[in-house]
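In what follows, a structure is listed as structure tokens, so that the remarks can point back to it.
2 protein chains.
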Amino acid sequence: MSAVPKDLAVSARLADEMREPFPNSSKIHVGGSRDDIRVPMREVAQSNTPATFGVEKNPPITIYDCSGPYTDPAAAIDLRAGLPALRAAWIAERGDTERLADFSSEFGRERHADNALTHLRFPEPPKPLRAKAGANLSQMHYARQGIVTPEMEFVAIRENARIDEIRDSRLLRRHPGEGFGANIPERVTPEFVRDEIAAGRAIIPNNVNHPESEPMIIGRNFRVKINANMGTSAVTSSIAEEVEKMVWAARWGGDTIMDLSTGKHIHETREWIIRNAPVPVGTVPIYQALEKVDGKAEDLTWEMFRDTLIEQAEQGVDYFTIHAGVRLPYVPMTVNRITGIVSRGGSIMAKWCLAHHTESFLYTHFEDICEIMKAYDVAFSLGDGLRPGCIADANDEAQMAELRTLGELTKIAWAHDVQVMIEGPGHVPMQRIKENMEAELEDCHEAPFYTLGPLTTDIAPGYDHITSGIGAAQIGWYGTAMLCYVTPKEHLGLPNKDDVREGIITYKIAAHAADLAKGHPGAQIRDNALSKARFEFRWEDQFNLGLDPMKARGFHDETLPKDSAKVAHFCSMCGPKFCSMRISQEVREFAHDRGIHTVEDAIEAGMEEKAEEFREGGSRIYQ
Amino acid sequence: MSAVPKDLAVSARLADEMREPFPNSSKIHVGGSRDDIRVPMREVAQSNTPATFGVEKNPPITIYDCSGPYTDPAAAIDLRAGLPALRAAWIAERGDTERLADFSSEFGRERHADNALTHLRFPEPPKPLRAKAGANLSQMHYARQGIVTPEMEFVAIRENARIDEIRDSRLLRRHPGEGFGANIPERVTPEFVRDEIAAGRAIIPNNVNHPESEPMIIGRNFRVKINANMGTSAVTSSIAEEVEKMVWAARWGGDTIMDLSTGKHIHETREWIIRNAPVPVGTVPIYQALEKVDGKAEDLTWEMFRDTLIEQAEQGVDYFTIHAGVRLPYVPMTVNRITGIVSRGGSIMAKWCLAHHTESFLYTHFEDICEIMKAYDVAFSLGDGLRPGCIADANDEAQMAELRTLGELTKIAWAHDVQVMIEGPGHVPMQRIKENMEAELEDCHEAPFYTLGPLTTDIAPGYDHITSGIGAAQIGWYGTAMLCYVTPKEHLGLPNKDDVREGIITYKIAAHAADLAKGHPGAQIRDNALSKARFEFRWEDQFNLGLDPMKARGFHDETLPKDSAKVAHFCSMCGPKFCSMRISQEVREFAHDRGIHTVEDAIEAGMEEKAEEFREGGSRIYQ
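Sequence lines, in order, name chains A and B.
Per my numbering, residue -18 is the first one in the first sequence, and the count goes up by one each step.
Per my numbering, residue -18 is the first one in the second sequence, and the count goes up by one each step.
Given below as structure tokens:
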């Protein structure tokens, strides 16, 4: 082996646990209008209903799948080569890009020319694509011209998750939703996707320099998505670990990831992540800009920030968090807060504004930023630099003033056909969460909201995935399009792989609970299938249909490890004599034997007297 | 040692981890109107604010504490002797009880006479107290006569948690609450407690045969409480383990526990638990009744059920779950459900009703049950035997029909001055949770609601503490008075100690988030104190004010184990250069140096131009 420190070397191969398919699951690809639209999904096979419950074949269940080729045993994975460029042909055939001979950013060129970095650099990074002069590559731009791109068709197929293949009416049972003004269609069509993007209500983060990514959509009329943060810091982490975390995050259901690296080798870490990421990648470019000035916020300049944006856009970052709403006059509004400014980007810009006593360069150069975004199709994630860092500071004037500014900036971005989402809090008590959503929809003209939690209390460090999962489920229900996860390590340390998994599952729960509450047509299928399996003691199916089959199986094994227990008609909670599910089945059989299927049948079957009494309303309850 | 199997022996001593006080915390006792009213609370000392943030003394924070004497180093604990009879004098001085010469229940007498059980029996169980002929021992009965009992005064002091000792206005900051009709007073008085109990809106579960318990109140105008389930099953668990789990549950914040044992030695297990429980203990008597007929539901009779109620009431059970709302005509309504009847008690009674084709004896003998309840002051927890077991079955006609019956039964119990709470679901999608609360308030005349979750999706076995914590926080906010916890093992196995802790912390979060949302006057103090500590890098204070200081510290140690890191002005997330908290403090100092404390100050300090621009509303955002 070479002298490369182990924690910097990225090997070609991933550990088995990162690649093994989910149990009883296969990767399928659903075709579109052209041969090269093949939308990946996961199909979970089910066993038959056992004889006790009346033998019955149970259909496979299709699950929205963002794990990428990693869970496909047929895919050859080589981290040192990166993923195939799935979208390359779609981009090329639009004819509005050109491949550059070299990187446009000064910093990017320097890093690539630095031989001292060769040992830790992704081998042969592709040369960047950029819009031809005058062209605009954003999906919003195409949508506004009435064009349905392959990306739009891809996400339409993806969102439907083969709902039309379900024939069993029991699986299609669903409650009426409460969408608070959302407009979720029964089936997503490519045209609906186009219209939502054109209106600014949804985005497809989709940099032409990240053709490896599988298109996905963020908007409140689609499935609620989740983001997983990761990244090195000066104190801990390595490139190889971050690449692993990205694969791991996508495996468990992270729809996008953000690389928040702040340590050494930010550029190189990002390259490794993007080349191997099947999901869109977001960043906060000001973090890297600050590294370049050795942490002195006051030394930041527009010129070097601009160079950083281009550097990252040419690597393929799909969305940029830009804290352009942190304006000089808002900074004093935070002085009496309990926790001041807790956004790193926000505090950096606040410090810059105060030091120079002038307006933020992100704000004054906003249109210049738009020009860069549209040349690569990078989406804005307008950062909430003044978000509350504790319950006491929630919904205060600083936060709300910034939100209104983000709304103004949205209009400007849209004038450039640049895609936008809006970042939201943070820490908010439950009774004040809805205000946030309503203010965002109004002030930001229905641009997709992307919130961090919110945490509904401050008193549980070590459990902030839960304090925030509660808020995330609610704000997702109210209309937030993407939920940024919080891990158990929030406020305490950098998340490891276990924390990433725990954070993601918590947020998949929140997002799915929100889909159910909004009345998403396909959401309840999985609940229904899993619950039917549970009732019929199909333990393996119950595990496999869950968000984390391995953990569910492991918990069951703790008390009943034998294989026979996986088909037993009882469990360790009640033991064999007391099972309510079993008794319930006996009730069902009893009713069935007497031809009782409805309340009316019950009355006919000889329950007239009792039922009559019930129907009277029962003010007199004793005979 | 004797030949007693290890898992049956209860030793006098608890493991250190069950007894060590929480870090930097001391047990205090707040006095009442008489010497023997001494309400236990936990006081968390704080360190001073470090110089960077302006040296300042931070007051101790008082925390509602249900851990009992176990966390008091001054208390001598002997599990084989049980806890001191805290309430014995209050009960005795009312003069309405008599001590019986022997147990009234046949089964109880048999068990106590059985020498084969001596080795596993609690030594010398006390002989039971019972109401003198014609007396009614319930707190509701006293309340309705206008009497303020010591128990009522105790809970009033407890609920206030020394809020009046807080002088720092920053700690008292709070958001306006949304209580959906709750009527939470600024300070709880003994008279308010009395009136709420008299009206049936709150209960103090408080069996005269469990004088060891510290009084607590369940009602929507008080702090939201949580319950922790435990208990042996035929498949697993031992008496010693269950006693440990009870102490463990109280330690982490379980306000009540339910002993759901279904295996051997139910009677003996319960005795051990009650004698050592500082919190009220609930049970589901039908489980034991079913054991007595060897699991054959159809063999249950009113007479043996009655004997079971008396047996348990004389041991000191504080509330009984009684599934008297599962009526014969409702059973067929469950036939087309996906998961039928999932309540064990509900399915037992459904089977009995069908087998005998007659009305449930719990329903027909309801007034007889009330007579027993008032002779010991056992509260009803009217069971929701027909609660939904999956999302699809939520809020259906079976569930709602049963709820209306529970409302009728409430009126009957109240006619006997017997305390009542109402059990609720279960599995409910978010948009249909509020209906449950509203229906309960209306149908059950504002009796306290006590819900299991609800789980907001079925797809996460292994994480149902989270799927249900989301629902619990919401229904707590809407008005549920007590939340029954769900552990990560739900649906998969019996919880171990780790699961109990995880379930309880999750539910403390849900209950506290609900208190904040309802606008409870004292709730936000702890959030404010913790967040101030966080901002000032008082890491130890941050850990200690949290729900689980040990876990928070452990997480911090994973990346920064050195003691010096506990006073460092950065953490592993961002490293020393990037800390937003530190930058935020610089912003504050910058403002302070210029005398800027408010937005108005900022304007005077020379920000006129920028601020003016902001005040104009900023439609024109570029100069």
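Glycine residues also receive a C-beta, built at the ideal position from the N, C-alpha and C atoms.
query                                                                                                                                       : result
Under 8 angstroms from the C-beta of A/Glu567: neighbouring residues of chain B                                                             : Lys332
Separation of B/Pro266 from B/Gln27, as counted between CA atoms                                                                            : 46 angstroms
Short CB-CB distance (under 8 angstroms) between A/Ser561 and chain C                                                                       : In summary, chain C is missing from the structure at hand, where the protein chains are A and B.
For B/Ser540, the first and last residue of its enclosing alpha helix (DSSP H)                                                              : Residue identity differs from the one stated: residue 540 of chain B is Thr in this sequence, not Ser. Run containing B/Thr540: Pro530 to Thr540, per the alpha helix (DSSP H) assignment.
Distance, A/Arg201 Cα to A/Gln120 Cα                                                                                                        : 17 angstroms
Members of the region 493 to 516 of chain A near chain B, C-beta cut-off 7 angstroms                                                        : His493, Ala494, Leu497, Ala498, Gln505, Arg507, Asp508, Asn509, Leu511, Ser512, Lys513, Arg515 and Phe516
Span of the alpha helix (DSSP H) around A/Tyr123                                                                                            : Gln120 to Arg125
A/Phe571 versus A/Ser561: straight-line alpha-carbon distance, rounded                                                                      : 15 angstroms
A/Val228 to A/Tyr51 span [Cα, whole Å]                                                                                                      : 8 angstroms
Near-chain B residues of the region 143 to 162 of chain A (beta-carbon distance less than 7 angstroms), N- to C-terminal order              : Arg151, Arg154, His156, Gly158 and Glu159
Contact with chain A by B/Val136, beta-carbon distance below 8 angstroms                                                                    : no
Beta carbon of B/Lys38 nearer than 8 angstroms to that of A/Ile319                                                                          : no
Validate contact between the region 111 to 130 of chain B and the region 456 to 474 of chain B using beta carbons, cut 8 angstroms, 3 pairs : no
Contact between the region 155 to 162 of chain A and the region 406 to 413 of chain B (3+ Cβ pairs under 8 angstroms)                       : yes
Cβ-Cβ distance between B/Val169 and B/Asn141 below 8 angstroms                                                                              : yes
Bounding residues of the alpha helix (DSSP H) (the contiguous stretch that carries B/Lys392)                                                : Glu378 to Ala396
CB contact below 8 angstroms: A/Lys38 versus chain B                                                                                        : no
CB contact flag (B/Thr432, B/Gly460, <8 angstroms)                                                                                          : no
Any 3 or more C-beta pairs closer than 8 angstroms across the region 293 to 306 of chain A and the region 532 to 539 of chain B             : no
Residue interval of the alpha helix (DSSP H) (run including B/Leu511)                                                                       : Ala504 to Phe516
Endpoints, the beta strand (DSSP E) within which B/Lys206 is located                                                                        : Lys206 to Met211
8 angstroms Cβ cutoff, A/Tyr444 in contact with chain B                                                                                     : yes
Start and end residues, beta strand (DSSP E) containing B/His10                                                                             : Ser6 to Gly12
Min CB distance B/Thr438 to chain A below 8 angstroms                                                                                       : yes
The region 390 to 401 of chain A / the region 356 to 367 of chain A touching (three or more Cβ pairs under 8 angstroms)                     : yes
Chain A residues whose Cβ lies nearer than 8 angstroms to that of B/Ile403                                                                  : Within 8 angstroms Cβ-Cβ: nothing; B/Ile403 doesn't reach chain A, min ~16 angstroms.
Element boundaries [beta strand (DSSP E), containing B/Phe301]                                                                              : Tyr300 to Ile303
Terminal residues of the alpha helix (DSSP H) in which A/Cys351 lies                                                                        : Phe347 to Tyr357
Cβ contact check for the region 234 to 242 of chain B and the region 192 to 212 of chain B: 3 or more pairs under 8 angstroms               : yes
Closer than 7 angstroms at the beta carbon, the chain B residues around A/Trp229                                                            : Under the 7 angstroms cutoff, chain B gives no residues; its nearest Cβ is about 17 angstroms from A/Trp229.
Closest Cα partner of A/Lys206 within the set A/Ser214, A/Asn317 and A/Arg139                                                               : A/Arg139
Residues of its chain near A/Ile147, where Cβ-Cβ distance is below 8 angstroms and the 5 sequence neighbours each way are ignored           : Pro40, Leu153 and Ile506
Cβ neighbours of B/Phe203 in the same chain (closer than 6 angstroms, five flanking residues each side left out)                            : Glu140
Inside the region 230 to 317 of chain B only - alpha helix (DSSP H) runs reaching at least 4 residues                                       : 247 to 256, 266 to 273 and 283 to 296
Proximity test, Cβ basis, 8 angstroms: B/Thr302 and chain A                                                                                 : no
Within chain B, partners of A/Trp233 - CB distance below 7 angstroms                                                                        : The contacting residues do not exist; A/Trp233 stays about 12 angstroms from chain B at best.
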